[in-house]
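Under UniProt numbering, the sequence shown has 202 at position 202, and the numbering climbs by one with no breaks. Just so it is clear, CB atoms sit at the ideal spot from N, CA and C, and this is done for glycine as well. Please read all numbers here as calculations on a predicted model, not as lab measurements. Encoded as structure tokens, the structure appears first; notes follow it.
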Amino acid sequence: MDSSARFPLRGFLRRSRPAWVRWAAVLALVMLLALPGLFLVAPAARADLCSNALPNGGFENPDGWAVQSAGSYAVISDFWARSGQYSAYLAGVDNASDRLTATVSLPQVDSITLSFWWLMQTEESGTGSDGLTVQVADANGNPLQVLATVSDASVSGVWQQASADLTAYAGQTVQIQFLAQTDDTLSTDFYVDDVEASACTATDETFWLFLPITRR
Numbered sequence: 001m002d003s004s005a006r007f008p009l010r011g012f013l014r015r016s017r018p019a020w021v022r023w024a025a026v027l028a029l030v031m032l033l034a035l036p037g038l039f040l041v042a043p044a045a046r047a048d049l050c051s052n053a054l055p056n057g058g059f060e061n062p063d064g065w066a067v068q069s070a071g072s073y074a075v076i077s078d079f080w081a082r083s084g085q086y087s088a089y090l091a092g093v094d095n096a097s098d099r100l101t102a103t104v105s106l107p108q109v110d111s112i113t114l115s116f117w118w119l120m121q122t123e124e125s126g127t128g129s130d131g132l133t134v135q136v137a138d139a140n141g142n143p144l145q146v147l148a149t150v151s152d153a154s155v156s157g158v159w160q161q162a163s164a165d166l167t168a169y170a171g172q173t174v175q176i177q178f179l180a181q182t183d184d185t186l187s188t189d190f191y192v193d194d195v196e197a198s199a200c201t202a203t204d205e206t207f208w209l210f211l212p213i214t215r216r
């Protein structure tokens with residue numbers, strides 16, 4: 001039997017040219033096996049596996065959203081979208097009382113984060129009399145927690161992102177509610193777009209890096 005068949009490294013060294021390539025390979029192998037102290041073994045950062053548990057958060061169609069409004073206007077509108085063509089347009093008139101609700105079955109995962117973008121513009125003078133409340137409710141609509149609030153005293157005319165932790169509700173069916181109310185004078189517009197419920201599971205895989213140690 002050809003000895004190179006039993007010892008692939010020997011066959012490699014015998015056939016390779018030029019000679020310095022063979023010895024460079026041997027030196028590298030010796031450094032890896034015989035001198036492990038020259039290398040630092042470090043775990044690389046791992047990425048969680050995430051998915052969006054809330055479909056149609058961009059309001060490109062009305063599916064998945066229930067609308068209640070005191071007015072006759074369309075709450076899902078193409079008037080001012082952050083991305084795509086549509087967004088939710090709440091209030092915008094005096095004595096408004098609008099509610100936009102998505103019922104979501106949250107998976108049993110390690111973490112869940114609700115995020116959304118909002119924009120406000122107003123005729124008010126920053127009194128806080130007009131407002132938008134974002135809250136989580138149980139499957140029957142009973143409020144559980146206020147997640148965020150926006151008022152006519154908030155930043156105006158610029159899209160802002162807000163987020164809230166929903167991990168405590170993992171494995172449950174809940175409602176995400178956007179509620180807008182205005183007083184009887186000087187209207188305020190509230191826009192909402194790109195709503196997501198990012199559900200993440202931590203990966204069990206660990207990636208290892210072999211880094212050479214350098215000395216000064």
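- Query: Would you say the region 76-92 touches the region 47-56, given that touching needs at least three Cβ pairs under 8 Å?
  - Reply: Inter-segment contact for the region 76-92 and the region 47-56 is absent: fewer than three beta-carbon pairs are separated by less than 8 Å.
**Message:** I need the DSSP call for residue 217, collapsed to helix, strand or coil.
**Reply:** In this structure the chain extends from 1 to 216, so residue 217 is not present and cannot be described.
With a threshold of 6 Å on Cβ separation, who are the neighbours of Leu179 within its own chain once the five nearest residues in sequence on each side are excluded? Arg99, Thr133.
Examine the Cβ distances between the region 106-125 and the region 190-197 and report whether three or more of them are shorter than 8 Å.
-> Proximity of the region 106-125 to the region 190-197 meets the contact definition, three or more beta-carbon pairs being nearer than 8 Å.
task = Return the residue from the list Ala162, Tyr73, Pro62, Asp183 that minimises the CA-CA distance to Trp118.
result = The shortest Cα separation from Trp118 among Ala162, Tyr73, Pro62, Asp183 belongs to Ala162.
Local Cβ density within 10 Å of Val150, reported as buried at 16 or more and exposed below that | Looking at its Cβ environment, which holds 16 or more other Cβ atoms inside 10 Å, Val150 is buried.
| query | Among Val192, Ser187, Cys200, which has the Cα closest to the Cα of Ala170? | reply | Cα-wise, what sits closest to Ala170 is Cys200.
Exposed or buried, which one is Ala168 when buried takes at least 16 other CB atoms within 10 Å? A residue is called buried once 16 or more other Cβ atoms fall within 10 Å of its Cβ, and Ala168, having fewer, is exposed.
Can you check whether the CB of Ala74 is closer than 7 Å to the CB of Thr182?
Against a cut-off of 7 Å, the Cβ pair of Ala74 and Thr182 comes out as no contact.
Measure the alpha-carbon distance for Pro107 versus Ala70 and round it to whole angstroms.
-> The alpha-carbon of Pro107 is positioned some 34 Å away from that of Ala70.
task: Quick one: using the 10 Å Cβ neighbour count with 16 as the cut-off for buried, is Glu124 buried or exposed?
output: Around the C-beta of Glu124, 16 or more other C-beta atoms lie within 10 Å, and the residue is accordingly described as buried.
### Message
Considering only the alpha carbon of each residue, which of Met120, Ile176, Val109 lies closest to Ala202?
### Response
Considering only Met120, Ile176, Val109, the residue with the shortest C-alpha distance to Ala202 is Val109.
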